[in-house]
Amino acid sequence: AQSVAQPEDQVNVAEGNPLTVKCTYSVSGNPYLFWYVQYPNRGLQFLLKYITGDNLVKGSYGFEAEFNKSQTSFHLKKPSALVSDSALYFCAGVDSGGYQKVTFGTGTKLQVIP
Amino acid sequence: DSGVTQTPKHLITATGQRVTLRCSPRSGDLSVYWYQQSLDQGLQFLIQYYNGEERAKGNILERFSAQQFPDLHSELNLSSLELGDSALYFCASSVDGISNQPQHFGDGTRLSIL
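Quick mapping for you: the protein sequence lines, in order, are chains A and B.
Start counting the first sequence at 82; every next residue gets the next number (my numbering).
Start counting the second sequence at 4; every next residue gets the next number (my numbering).
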């Protein structure tokens with residue numbers, strides 16, 4: 082069975098510092114991986130996805146994620162955090178192919194401190 | 004704005020009652036997903052439809068049912084409501100439901116059971 086883990090419930094980072102939100106996955110085949118962000122009282126917004134190819138994926142709002150097959154990880158990164166980046170971040174994944182349902186992680190709350 | 008519309012935004016009702024949540028997908032999207040988000044359970048996938056037909060089922064209770072209509076809007080029906088059904092219910096849509104596509108989420112319906 083596929084699973085996605087976000088080991089940190091909360092990450093605190095100072096404004097201007099680099100940020101990393103961690104995600105690890107377990108799927109039986111080649112994974113499709115996604116990051117979403119949720120602001121208070123809003124639905125999830127798509128940030129970026131990894132399907133195949135380059136291990137470094139660039140997405141919206143200056144975010145990027147690095148796919149690491151040997152470590153089964155897909156960490157979200159940003160070189161310089163903004164206070165407005167404070168939100169709940171979800172990693173999601175699925176075994177590639179077809180119409181299989183996506184599994185979401187439990188979410189990581191990112192707090193950027195001014 | 005994701006283009007996914009959910010109504011109503013808030014719903015307050017009593018135990019034992021029945022409610023219907025409505026979702027209009029993004030223009031051009033054929034697949035609709037329903038999720039339940041609560042503090043203790045995280046984001047739980049309930050069910051997926053594609054062009055009017057059920058495609059995948061997740062942790063959906065027997066008291067819950069859904070359908071997608073010919074105009075592609077979808078409704079989630081919750082009956083015999085219990086206190087534990089209080090949650091945010093999200094609808095999402097994607098072009099054709101293939102697992103490598105991002106999902107676009109509405110802003111949810113907040114259901115409160117008194």
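Every residue, glycine too, gets a C-beta built ideally from N, C-alpha and C.
query	result
Spatial neighbours of Asp88 of chain B in its chain, beta-carbon cut-off 7 angstroms, leaving aside the 5 residues before and after	Leu81, Leu114 and Ile116
Test item: CB-CB of Gly100 of chain B and Gln9 of chain B under 7 angstroms	no
Where Asp43 of chain B sits in the DSSP three-state scheme	coil
One or two residues paired with Leu24 of chain B in a DSSP bridge	B:Leu79
Bounding residues of the beta strand (DSSP E) (the contiguous stretch that carries Tyr94 of chain B)	Here residue 94 of chain B is Cys; the residue named in the question, Tyr, does not match the sequence. Cys94 of chain B -> beta strand (DSSP E) spans Ala90 to Ser97.
Contact residues within the segment 126-139 of chain A, judged by C-beta distance below 8 angstroms to chain B	Gln126, Phe127, Lys130 and Ile132
Ser102 of chain B, DSSP secondary structure in three states	coil
Selected residue, minimal CA-CA separation from Leu84 of chain B, among B:Cys94, B:Gln71, B:Leu64 and B:His76	B:Leu64
Residues near Gly140 of chain A by beta carbon distance below 6 angstroms, same chain, minus five either side	Leu128 and Leu129
Interface partners of Phe171 of chain A on chain B, CB under 8 angstroms	Leu46
Close Cβ partners of Thr153 of chain A (< 8 angstroms) along its chain, the five nearest in sequence each way excluded	Thr105, Tyr106 and Ser107
At least three beta-carbon pairs within less than 8 angstroms, the segment 146-164 of chain A to the segment 68-82 of chain B	no
Chain B residues whose Cβ lies nearer than 8 angstroms to that of Val118 of chain A	Ordered by position in chain B, no residue passes the 8 angstroms Cβ test against Val118 of chain A, which lies about 11 angstroms from the chain.
Counted within 10 angstroms of its Cβ, other Cβ atoms place Pro88 of chain A as buried (16 or more) or exposed	exposed
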